[in-house]
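Sequence order for the protein chains is A and B. All the letters of the first sequence, read from the start, carry residue numbers 1184 to 1453 under my numbering. All the letters of the second sequence, read from the start, carry residue numbers 1184 to 1453 under my numbering. These notes concern the structure reproduced below.
2 protein chains.
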Amino acid sequence: MIEPTLSSPIGVFDSGLGGLTVVRSLLEDLPQESLIYLGDTARVPYGTKSREAIFRFAEEGSAFLLGKGIKLMVLACNTMSATALPELAARLGVPVVGVIDPGVEEAIRVSTGGRIGVIGTAATIGSQAYRRSIQARKPEWLVFSQACPLFVPLVEEGWEETEVAAMTARHYLAPLLAQGIDTLVLGCTHYPLLLPTLRRVVGSDIRIVDSATQTSREVKNLLARTVPENPGPASPMRCYLTDIPPSFIGVADRFLGRPVTHVERASLTP
Amino acid sequence: MIEPTLSSPIGVFDSGLGGLTVVRSLLEDLPQESLIYLGDTARVPYGTKSREAIFRFAEEGSAFLLGKGIKLMVLACNTMSATALPELAARLGVPVVGVIDPGVEEAIRVSTGGRIGVIGTAATIGSQAYRRSIQARKPEWLVFSQACPLFVPLVEEGWEETEVAAMTARHYLAPLLAQGIDTLVLGCTHYPLLLPTLRRVVGSDIRIVDSATQTSREVKNLLARTVPENPGPASPMRCYLTDIPPSFIGVADRFLGRPVTHVERASLTP
Chain A
1184 MIEPTLSSPI
1194 GVFDSGLGGL
1204 TVVRSLLEDL
1214 PQESLIYLGD
1224 TARVPYGTKS
1234 REAIFRFAEE
1244 GSAFLLGKGI
1254 KLMVLACNTM
1264 SATALPELAA
1274 RLGVPVVGVI
1284 DPGVEEAIRV
1294 STGGRIGVIG
1304 TAATIGSQAY
1314 RRSIQARKPE
1324 WLVFSQACPL
1334 FVPLVEEGWE
1344 ETEVAAMTAR
1354 HYLAPLLAQG
1364 IDTLVLGCTH
1374 YPLLLPTLRR
1384 VVGSDIRIVD
1394 SATQTSREVK
1404 NLLARTVPEN
1414 PGPASPMRCY
1424 LTDIPPSFIG
1434 VADRFLGRPV
1444 THVERASLTP
Chain B
1184 MIEPTLSSPI
1194 GVFDSGLGGL
1204 TVVRSLLEDL
1214 PQESLIYLGD
1224 TARVPYGTKS
1234 REAIFRFAEE
1244 GSAFLLGKGI
1254 KLMVLACNTM
1264 SATALPELAA
1274 RLGVPVVGVI
1284 DPGVEEAIRV
1294 STGGRIGVIG
1304 TAATIGSQAY
1314 RRSIQARKPE
1324 WLVFSQACPL
1334 FVPLVEEGWE
1344 ETEVAAMTAR
1354 HYLAPLLAQG
1364 IDTLVLGCTH
1374 YPLLLPTLRR
1384 VVGSDIRIVD
1394 SATQTSREVK
1404 NLLARTVPEN
1414 PGPASPMRCY
1424 LTDIPPSFIG
1434 VADRFLGRPV
1444 THVERASLTP
């Protein structure tokens, strides 16, 4: 492990490319910080895999980023945040920020009636991490969860504003709407791209919380409290991927909202 | 590598669980043969990944199955058959059967007008393997291809007979239908589960070719010509998976059409 300094980069780790929605917020909120992105695109998605597999992948990726001398790691993936965050935070030697607690805190801030809907991958929802985090703060609040395994492939196919996406969203969200939720937490970094469709399905009264934006604010607060901010200027973001499939460019650019440059292939296994 | 004998098993290798549709046909056509299944469920899906990644995964899985003493390997995955079959066949030391040529031969047998539609993953379609295989035999025939990345997640979610699946199929198949195809080849081992929906979308006049059934016949023919058949009785199928997620049981049983037993975790990387 390289000893971090003021100008050390922040590491952002995701199973694939969805974490680039978090990078997008970080670039806006912390323009002077250097970023290193790691996407495990050779094994993506994590959300349909076992807890044991996700944990092993999270360890391998963290070791890779530590080897690059990061001063703070963002687990920009709900599946990993739900599964591996406490263990990684306890032994990594640098602060680790996940995407779940920031989303939960915002949901608690905006909820009008204490009835929270959470959507995410099968692994995130199965972990009950959102429910536990909300009810640790608000034991009397009700949390209704729904796994939405088709949302990630729909977004990756670029179909987020099609009638197929709307019909899929109506199907997944019907049980949450029937429970009278007042707030919907997007528990997956792919879902912000579905926002216009989700808004049409849930109507205008329900608050929608996007954890990407909240996570970036949490990183900013944490830097202010613990790790010194980079005086700047930032180096261009380096993007490491374990696989670079032909579809990468279009998908990555849509998530980031600008072209992704400085892409290198990484190997996480010996 | 263990020297194969009469009673050595047949290895069946897939990126995930879709290859169990091929196993289903093998169990019917070759009940006296022992089978070993390998599904790389830790890295599934392959079809959205790069050619280099797929090739490496194919090599690692083949080495695992050779280590189990197989006498013949079935690449029960269109993505791997399209990408890695010739190289593996040239150096594996046991016969290798893919799923593409058997499907192509059946399409040529049943086509009424030499206008073939092929659907598959992005990697399979991008490889042009079906087009090349068909036009090597029938240079004047026309081949129209369409990648359908949402079909695999729809099947794995159990949504294959929903209106969402039908709408998705209408979208993907419209360009093929507009070209007046007379035959549709299902170039992915997940797609047989979509058969009722695809039949409704394409109507009753178009022939639909399922390569799982054809591949099983090709294995039977090859055994008759080269590797002696097992005098029997077969051992129960051993099923090796690189990850065993909670959703495994339901999905695997639907593909195989009966309960999957004897499941073990395998590691393909050092």
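Built from N, CA and C at the ideal position, the CB exists for glycine as well. These figures come from a predicted structure and were not determined experimentally.
query                                                                                                                             : result
Inter-stretch contact (C-beta, 8 Å, three-pair minimum) for the segment 1226-1245 of chain B and the segment 1210-1218 of chain B : no
Cβ pair A/Thr1307, A/Gly1370 closer than 8 Å                                                                                      : yes
Positions along the segment 1398-1429 of chain A whose CB lies within less than 7 Å of some CB in chain B                         : Asp1426, Ile1427, Pro1428, Pro1429
Distance between A/Ala1417 and A/Thr1444 (C-alpha atoms, nearest Å)                                                               : 15 Å
For A/Met1420, the three-state DSSP class (helix, strand or coil)                                                                 : coil
Buried or exposed (CB count within 10 angstroms, at least 16 for buried), A/Asn1404                                               : exposed
C-alpha distance - A/Val1287 paired with A/Phe1247, whole-angstrom precision                                                      : 29 Å
is_contact[A/Leu1376, chain B] using C-beta, thresh 8 Å                                                                           : no
Members of the segment 1188-1215 of chain B that neighbour chain A once the beta carbon cut-off is set at 8 Å                     : none
Neighbour-count burial assignment, A/Glu1323, 16 or more Cβ in a 10 Å radius                                                      : exposed
Contact set for B/Ile1465: own chain, Cβ-Cβ below 6 Å, skip 5 residues either direction                                           : There is no way to answer for residue 1465 of chain B, as the model of chain B reaches only from 1184 to 1453.
Proximal chain A residues relative to B/Thr1231, where beta-carbon distance stays under 7 Å                                       : Pro1428, Ser1430
Beta carbon proximity, A/Gly1350 to chain B, threshold 8 Å                                                                        : The question names Gly, but residue 1350 of chain A in the sequence shown is Met. With 8 Å as the cut-off, A/Met1350 counts as an interface residue toward chain B.
Buried or exposed (CB count within 10 angstroms, at least 16 for buried), B/Ala1265                                               : buried
Members of the segment 1294-1311 of chain B that neighbour chain A once the beta carbon cut-off is set at 7 Å                     : Ala1305, Gly1309
Buried versus exposed, by CB contacts within 10 Å (16 or more), B/Ile1432                                                         : exposed
Partner residues on chain A for B/Glu1340, Cβ-Cβ distance less than 7 Å                                                           : Pro1332, Leu1333
Sequence-distant residues of its chain with Cβ nearer than 7 Å to A/Thr1409 (five each side left out)                             : Pro1278
Counted within 10 angstroms of its Cβ, other Cβ atoms place A/Gly1194 as buried (16 or more) or exposed                           : buried
Length-filtered (4 minimum) alpha helix (DSSP H) runs lying within the segment 1232-1263 of chain A                               : 1234-1249
Separation of A/Ser1245 from A/Val1282, as counted between CA atoms                                                               : 16 Å
C-beta atoms of A/Phe1327 and A/His1373 nearer than 8 Å                                                                           : no
Length of the line joining the Cα atoms of B/Leu1271 and A/Ala1273                                                                : 44 Å
Nearest residue (CA-CA) to B/Val1206, options B/Pro1442, B/Leu1268, B/His1354, B/Arg1448                                          : B/Pro1442
Simplified DSSP state of A/Ser1399, which is helix, strand or coil                                                                : helix
For B/Tyr1313, the first and last residue of its enclosing alpha helix (DSSP H)                                                   : 1312-1320
Whole-angstrom distance between B/Tyr1423 and B/Glu1339, CA atom to CA atom                                                       : 19 Å
Whole-angstrom C-beta distance between B/Val1280 and B/Val1257, which should lie under 8 Å                                        : 5 Å
Of the residues B/Phe1196, B/Lys1232, B/Arg1234, B/Ser1217, the one placed nearest B/Asp1223, counting alpha carbons only         : B/Phe1196
Residue(s) in a DSSP beta bridge with A/Tyr1220                                                                                   : A/Val1195, A/Cys1422
Test item: CB-CB of A/Tyr1355 and A/Cys1331 under 8 Å                                                                             : yes
CB contact flag (A/Leu1377, A/Glu1343, <8 Å)                                                                                      : yes
Residues near B/Ala1305 in its chain [Cβ-Cβ closer than 7 Å; skip 5 each side]                                                    : Gly1230, Thr1231, Ala1330, Pro1332
Status (buried if at least 16 other CB within 10 Å, exposed otherwise) for B/Thr1471                                              : Within the shown structure, residues of chain B are numbered from 1184 to 1453, placing residue 1471 of chain B beyond reach of any answer.
Partner residues on chain A for B/Glu1346, Cβ-Cβ distance less than 7 Å                                                           : Met1350
Residues from the segment 1215-1228 of chain A in contact with chain B, defined by Cβ distance under 7 Å                          : Ala1225, Arg1226
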